[in-house]
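Residue numbers for the sequence shown, in our numbering: 289 to 876. Cβ atoms here follow ideal geometry from the backbone N, Cα and C, with glycine treated the same way.
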Amino acid sequence: MTKLEGKHVYKFGAGKADGNDTMKNLLGGKGASLAGATLLGLPVPPGFTISTDVCNLYLETGGLSDDLKTEAKKALVFVEEALGKKFGDPKNPLLVSTRSGARKSMPGMMETVLIVGLTTSTIPGLIEISQNERFVYDSYRRLIMMYSDVVMEKAAGIEPEEGHGIRAQMERILERKKKDAGCLTDTCLNVEQLKELCDEFKDAVRKTIGKEFPDDTFEQLWGAVGAVFKSWGGARAVAYRRIENIPDEWGTACTVQAMVFGNTGNDSATGVAFSRNPATGVDEFYGEFLINAQGEDVVAGTRTPNAMNEASKNDHSKDLPTLEEAMPEMYKQLVDIRDILEKDTKDMIDLEFTIEDNKLFLVQHRVGKRTATAALNIAMDMLKNGEIDEETAILRMNPDQLGQLLYPILDSEAEAEATSIARGLPAGPGGAVGQIVFTSEAAVQWKKNGKSEILIREETSPEDIEGMRAANAVLTARGGMTSHAALVTRGWGKCCIVGASGLDINTFEKQVTIGGKIFNEGDTLTLNGTDGLVYDGALPMIEATENPRLQEFMGLIDKYRRLGVRANADTPEDAKIALGFGAEGIGL
289 MTKLEGKHVY
299 KFGAGKADGN
309 DTMKNLLGGK
319 GASLAGATLL
329 GLPVPPGFTI
339 STDVCNLYLE
349 TGGLSDDLKT
359 EAKKALVFVE
369 EALGKKFGDP
379 KNPLLVSTRS
389 GARKSMPGMM
399 ETVLIVGLTT
409 STIPGLIEIS
419 QNERFVYDSY
429 RRLIMMYSDV
439 VMEKAAGIEP
449 EEGHGIRAQM
459 ERILERKKKD
469 AGCLTDTCLN
479 VEQLKELCDE
489 FKDAVRKTIG
499 KEFPDDTFEQ
509 LWGAVGAVFK
519 SWGGARAVAY
529 RRIENIPDEW
539 GTACTVQAMV
549 FGNTGNDSAT
559 GVAFSRNPAT
569 GVDEFYGEFL
579 INAQGEDVVA
589 GTRTPNAMNE
599 ASKNDHSKDL
609 PTLEEAMPEM
619 YKQLVDIRDI
629 LEKDTKDMID
639 LEFTIEDNKL
649 FLVQHRVGKR
659 TATAALNIAM
669 DMLKNGEIDE
679 ETAILRMNPD
689 QLGQLLYPIL
699 DSEAEAEATS
709 IARGLPAGPG
719 GAVGQIVFTS
729 EAAVQWKKNG
739 KSEILIREET
749 SPEDIEGMRA
759 ANAVLTARGG
769 MTSHAALVTR
779 GWGKCCIVGA
789 SGLDINTFEK
799 QVTIGGKIFN
809 EGDTLTLNGT
819 DGLVYDGALP
829 MIEATENPRL
839 QEFMGLIDKY
849 RRLGVRANAD
859 TPEDAKIALG
869 FGAEGIGL
């Protein structure tokens, strides 16, 4: 194994950190932001980050060096001392998560493994400490599913047929267990049922992968760290880097962090929030959460979550208690964290949090993905309030986002005469017309054939990334405004509606039933991503209307640009539009 030179593990916790928020190239966005938040005195669970150069070495050699493991073990002692727990201790065990983190955010494209260190020898100690046997076995079944999928199958290079992977098998086992117990959600399974589930999951691992599920804490840890690094070279990560022009040589860091649990009971929760509305840019705290859940339950979109506050409510969460109502003190603390982070970064922030037994933790934060409309409004609002200067405001908008503000929209008169057939959450802006497809593979192929399509899924996963990029729009039956589909399409400015609960999707038959009518692959729908409305057939589109905020922004650009701008136009109407958007003349 090649010997590592210098420092490669950076600790954070208890108000101290080896790194800081400027070290994204070395620590990745997640590691750098956690170090920065720790130095700000925010409630960050302690941990350490293994640097990006270790990732590149791992991919070259296929393993972690003894030197690196020794350095990581020393950092683990720091975490143990900060919490008074010990990794692998049968009486007071420390459990950790392993998470990826590139210097540029790649939401959901790489792997995470949670609850590492839970074994048959540490389970009794965790039960004794927590006095909550159900929570412990709920956590164990989550570890078995995630670890066997990420480490034992994907990282091992096993490529099962569609629907035959270990995670798919375990999801079917879970659904069968819920059905037998008369449960709609996994939260109503009792301790004995969860124990049975863990045993059935282990049997599935043994039969499918041909190995025992690891019962040694350090075997779990090194396997999880290696899987995070290996996921940098995974198909979906490579596809996303190609779309976003992210260099392959950057690599990902791996953050090992003490676990905090949102699934210990009704005084615990997990959620995702934005310091401002990511769809509109309005200066209002916006987010979603789930009580008695783990973080992946929110972003996976498998359960439609509660709203953080009144401003975050939608048709699905309007009758559910908000975090502000259910846990007012936790909400107040979260607002304070939001204010501190936005003041520090001078940008809109996306943050993930966990509440464990009425104690709030910041799990991670980053600059938030936003629509083009939101980017414009946030930049101009922050400029107006003196939070950023003019040049920073200009750089907050990229050329693609400016183009998105000029995309055609639905004809309002035609839409007023049409009747919507379904309603969901407006996750991505604008309008879209297309023929429906039900798989990412079909979306990619139809795009190659010159067709405009709408990808319909129960909920999207990171494996759908290429199909989502190829599709003209995305429509899902499940998920909230912080689900995978919403986060990714929002960053691209792509029309998207999530959580359209009136959809009955049959992927195998390539059909979806909406309002009693069956639609087959190739049928046409129209989406209004701004209002979350779905229409039968193709509604007409029109040019975007004049946007005073955009005109103000373009005037700002004129103060700093050094090139003249002219336009080519074939008709008087084209010339009028070009001049209206700031062209100084027509023709060369």
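Open item on the list: Using only CA atoms, which one of T764, Q723, E450, E630 lies nearest to I676?
Closed with: For the purposes of this step, residue 676 is taken as residue 388 along the sequence shown, with counting starting at 1. Among T764, Q723, E450, E630, the Cα nearest to that of I676 belongs to E630.
TODO: For A305, collect the residues of the same chain with a Cβ closer than 6 Å to its Cβ; drop the 5 residues on either side in sequence, then sort them by chain order.
DONE: Counting from one through the sequence shown, the residue named residue 305 turns up at place 17. Same-chain partners within the cutoff: A323, T326, L327.
Open item on the list: Out of N551, L406, S563, F336, which one is the CA nearest neighbour of E507?
Closed with: Position 219 of the sequence shown, counted from the start, is the residue given in the question as residue 507. Of N551, L406, S563, F336, the residue nearest in Cα terms is L406.
- [ ] Inspect the beta-carbon positions of D638 and G656 and report whether they are closer than 8 Å.
- [x] Here residue 638 corresponds to residue number 350 of the sequence shown, with the count starting at 1. Here residue 656 corresponds to residue number 368 of the sequence shown, with the count starting at 1. One thing to note: D638 has its Cβ within 8 Å of the Cβ of G656.
- [ ] Could you tell me which uninterrupted alpha helix (DSSP H) segments, each at least 4 residues in length, are contained entirely in the stretch 300 to 386, listed from first to last along the chain?
- [x] 312 to 327, 340 to 349, 354 to 371
Open item on the list: Excluding the 5 residues flanking I415 on each side, which residues of the same chain have their C-beta closer than 7 Å to its C-beta?
Closed with: For the purposes of this step, residue 415 is taken as the residue at position 127 of the sequence shown. Contacts found: E421, V424.
Task: T770 vs V586 beta-carbon contact at 8 Å - done: Position 482 of the sequence shown, counted from the start, is the residue given in the question as residue 770. Position 298 of the sequence shown, counted from the start, is the residue given in the question as residue 586. In contact: T770 and V586 (Cβ atoms closer than 8 Å).
Open item on the list: Let me check one thing: in DSSP terms, what residues is C542 bridge-paired to?
Closed with: On the sequence shown, residue 542 is found 254 positions in, with the first residue counted as 1. In DSSP, C542 forms a bridge with I338, S388.
Open item on the list: Any contact between the stretch 432 to 449 and the stretch 475 to 483? By contact I mean 3 or more CB pairs, one from each, below 8 Å.
Closed with: no
Open item on the list: Using the three-state DSSP reduction, which class does Y528 fall into: helix, strand or coil?
Closed with: By 1-based counting over the sequence shown, the position of residue 528 is 240. DSSP places Y528 in helix when its eight states are reduced to three.
TODO: Below 6 Å CB to CB, which residues in the same chain sit around N665 once its five sequence neighbours on both sides are set aside?
DONE: For the purposes of this step, residue 665 is taken as the residue at position 377 of the sequence shown. Closer than 6 Å at the Cβ level, and outside the excluded window around N665, lie G569.
Task: C-alpha distance - D555 paired with S418, whole-angstrom precision - done: In the sequence shown, residue 555 corresponds to position 267, counting from 1. In the sequence shown, residue 418 corresponds to position 130, counting from 1. Cα to Cα, the separation comes out at about 13 Å.
Task: Span of the beta strand (DSSP E), counted from its first residue to its last, around E741 - done: Residue mapping note: residue 741 aligns to position 453 of the sequence shown, counting from 1. Counting along the chain, the beta strand (DSSP E) containing E741 begins and ends at 741 to 745.
TODO: Indicate whether the contact test is met: 3 or more Cβ pairs, each with one atom in the stretch 705 to 716 and one in the stretch 727 to 741, closer than 8 Å.
DONE: no
TODO: With DSSP collapsed to three states, give me the class of I709.
DONE: Residue 709 sits at position 421 when you count from the first residue of the sequence shown. When secondary structure is reduced to three states using DSSP, I709 falls in the coil class, being assigned neither helix nor strand.
- [ ] Starting from the C-beta of L431, find all residues in its chain whose C-beta is less than 6 Å away, skip the five residues before and the five after it, and write them out in chain order.
- [x] For the purposes of this step, residue 431 is taken as the residue at position 143 of the sequence shown. So the list reads I403, L406, once near-sequence residues are dropped.
Open item on the list: My output table needs one value for N452: the three-state DSSP class, helix, strand or coil.
Closed with: Position 164 of the sequence shown, counted from the first residue, corresponds to residue 452. Looking at the sequence provided, one finds His at residue 452 rather than Asn. The answer is coil: DSSP assigns H452 none of H, G, I, E or B.
TODO: Return the chain-ordered list of same chain residues with a C-beta closer than 8 Å to the C-beta of V853, the five sequence neighbours on each side being excluded.
DONE: For the purposes of this step, residue 853 is taken as the residue at position 565 of the sequence shown. G870, A871, E872.
Open item on the list: Quick check: the Cα distance between A527 and G413, rounded to an integer number of angstroms?
Closed with: By one-based count along the sequence shown, residue 527 stands at place 239. By one-based count along the sequence shown, residue 413 stands at place 125. Looking at the two C-alpha atoms, the distance is approximately 43 Å.
TODO: Return yes when the Cβ of H296 is within less than 8 Å of the Cβ of E359, no when it is not.
DONE: Taking the sequence shown and counting its residues from 1, one reaches residue 359 at position 71. Taking the sequence shown and counting its residues from 1, one reaches residue 296 at position 8. It is a contact, given that the beta carbons lie within the stated cut-off.
Open item on the list: Please classify N565 as buried or exposed, where buried requires at least 16 other C-beta atoms within 10 Å of its C-beta.
Closed with: Here residue 565 is taken as the residue at index 277 of the sequence shown, counted from 1. Buried, because 16 or more other Cβ atoms sit within 10 Å of the Cβ of N565.
Task: Every unbroken alpha helix (DSSP H) within the stretch 387 to 446, with a cutoff of 4 residues, ordered by chain - done: 411 to 418, 421 to 435
TODO: Apply the 10 Å Cβ neighbour rule to H452 and answer buried if 16 or more other Cβ atoms are within range, or exposed otherwise.
DONE: Position 164 of the sequence shown, counted from the start, is the residue given in the question as residue 452. The C-beta of H452 has fewer than 16 other C-beta atoms within 10 Å across all chains shown, which makes the residue exposed.
Open item on the list: With DSSP as the reference, identify every bridge partner of I793, one or two as the case may be.
Closed with: In the sequence shown, the residue the question calls residue 793 occupies position 505. In DSSP, I793 forms a bridge with V800.
- [ ] Check whether the stretch 599 to 616 touches the stretch 807 to 818, taking contact to mean three or more Cβ pairs, one atom from each stretch, closer than 8 Å.
- [x] no
Open item on the list: Looking only at its chain, what residues have a beta carbon closer than 6 Å to the beta carbon of G779, apart from the 5 residues adjacent to it on each side?
Closed with: As a first step, residue 779 must be located in the sequence shown, where it is residue number 491. Same-chain partners within the cutoff: K657.
TODO: Examine the Cβ distances between the stretch 350 to 357 and the stretch 370 to 390 and report whether three or more of them are shorter than 8 Å.
DONE: Segments in contact, no.
Task: DSSP state of A761 mapped onto helix, strand, coil - done: Taking the sequence shown and counting its residues from 1, the one referred to as residue 761 is at position 473. A761: strand per DSSP, three-state reduction.
TODO: Would you be able to state if there are at least three C-beta pairs under 8 Å between the stretch 711 to 731 and the stretch 782 to 801?
DONE: yes
Task: Boundaries (first-last residue) of the alpha helix (DSSP H) holding A863 - done: Locating residue 863 in the sequence shown gives position 575, where the first residue counts as 1. Looking at the DSSP string, the run of the alpha helix (DSSP H) that includes A863 is 860 to 868.
Task: Span separating the alpha-carbon of A720 from that of L775 - done: Here residue 720 corresponds to residue number 432 of the sequence shown, with the count starting at 1. Here residue 775 corresponds to residue number 487 of the sequence shown, with the count starting at 1. Going from the Cα of A720 to the Cα of L775 covers about 18 Å.
TODO: Report the three-state DSSP secondary structure of G267 (helix, strand or coil).
DONE: The first residue shown for the chain is 289 and the last is 876, placing residue 267 beyond what the model contains.
- [ ] Output yes or no for whether 8 Å exceeds the beta carbon distance between A765 and L791.
- [x] Locating residue 765 in the sequence shown gives position 477, where the first residue counts as 1. Locating residue 791 in the sequence shown gives position 503, where the first residue counts as 1. Yes, Cβ-Cβ distance for A765 and L791 is below 8 Å.
Open item on the list: Given the structure, does D585 come close to the ligand COA, in the sense that its CB is under 7 Å from one of the ligand's heavy atoms?
Closed with: This structure lacks the ligand COA; in fact it carries no ligand of any kind.
Open item on the list: Suppose the cutoff is 7 Å on Cβ atoms and the five residues either side in sequence are ignored; what does the same chain contact list for Y346 look like?
Closed with: Translated into the one-based positions of the sequence shown, residue 346 becomes position 58. Excluding positions up to five away in sequence, the list reads L352, G514, F517.
Task: Cross-strand partners of M829 (DSSP beta bridge) - done: What you label residue 829 is simply residue 541 of the sequence shown in a count that begins at 1. Within the DSSP bridge table, the entry for M829 names L698 as partners.
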